[in-house]
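**Q**
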Amino acid sequence: MFTNDQFKSLLIKTLERKSSSNYYEGGNEIVSKMKISEVTLDETDDFTYYKGYKKGWNTLCTYLKIRVPFDDLDFFESHKDLITQTASSIYDKQGDNVLVDTILVPLPENYEVINFSQLKISDVVSQAIEDAESFMSNGEYQRAFDRVHTAFHGYLIEILKKYEITVPRDENLSKLYSRIQQLIEKKFNLLNLLI
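The sequence shown runs 1001 to 1195 under our numbering.
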């Protein structure tokens, strides 16, 4: 069985591979838009036969749900067959379930994802960033902001650790940033002395 994150990652890699072999047009755009969309697998107890899908006897429906920015809805609809076919070949049969269709769910128009991947320098920071991205994709910006705050706090602590500066975990962002600023100034002054 796949987790949603595992499946999304594998789907993106497969689409990238197909794109690089010119298997279909617009591949890079599909991949970049897929990266900022929320991808989930919805495994149901609905029999495929009764839902009109001819996928064998006693097989259950799984749907690929993709939450996309409203502005990209038409784009995803035009590539839905390709996405479903690719996802279905990856999913194959998991227990009694087969992937039968893709459901596109529009997000609010003002939906925007900020790429924080450069901040992922520890497991704690990575988890906070993934949570923030998930909250943003669901339109829960207040919760996302809290997780971004946590991620940035963890990021600054990790930077200070790299320079063997120990700080209390409960130190606020202002103090952490001051320490970073002092570190930068010391390095800059040292460089000026060497020049």
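Even glycine gets a Cβ: it sits at the ideal position worked out from N, Cα and C.
Going along the chain, which unbroken runs of the alpha helix (DSSP H) with 4 or more residues stay wholly within the region 1063-1110?
**A** Qualifying alpha helix (DSSP H) stretches, in chain order: 1073-1078, 1080-1091.
**Q** What would DSSP say about residue 1006, mapped onto helix, strand or coil?
**A** In the structure shown, residue 1006 sits in a helix (DSSP, three-state: H, G or I).
**Q** Give the straight-line distance between the Cα atoms of residue 1111 and residue 1189, rounded to the nearest whole angstrom.
**A** Per-residue confidence for residue 1111 stands at a pLDDT of 46, beneath the threshold of 50, marking its modelled position as unreliable; the derived number appears in the next sentence. Inter-residue distance for residue 1111 and residue 1189 is about 43 Å (C-alpha atoms, whole angstroms).
**Q** Note the first and the last residue of the continuous alpha helix (DSSP H) segment covering residue 1039.
**A** Segment 1038-1047 is the beta strand (DSSP E) holding residue 1039; no alpha helix (DSSP H) there.
**Q** Taking the C-alpha atoms as reference points, what is the distance between residue 1141 and residue 1135?
**A** 6 Å
**Q** Do the region 1160-1179 and the region 1068-1087 touch if we need at least three Cβ pairs shorter than 8 Å?
**A** Contact fails between the region 1160-1179 and the region 1068-1087, because fewer than three Cβ pairs, one in each stretch, are under 8 Å apart.
**Q** I need the straight-line Cα distance from residue 1066 to residue 1186, nearest angstrom please.
**A** One C-alpha to the other measures close to 48 Å.
**Q** Quick check: the Cα distance between residue 1162 and residue 1105, rounded to an integer number of angstroms?
**A** 42 Å
**Q** Taking only three categories from DSSP, how would you classify residue 1016?
**A** Secondary structure at residue 1016: helix, using DSSP grouped into helix, strand and coil.
**Q** Alpha carbon to alpha carbon, how far is residue 1007 from residue 1092?
**A** 12 Å
**Q** Which same chain residues, not among the five before or five after residue 1154, have their C-beta less than 7 Å away from its C-beta?
**A** In chain order, 1122, 1124, 1125, 1128 place their CB closer than 7 Å to the CB of residue 1154, counting only its own chain and leaving out the 5 sequence neighbours on each side.
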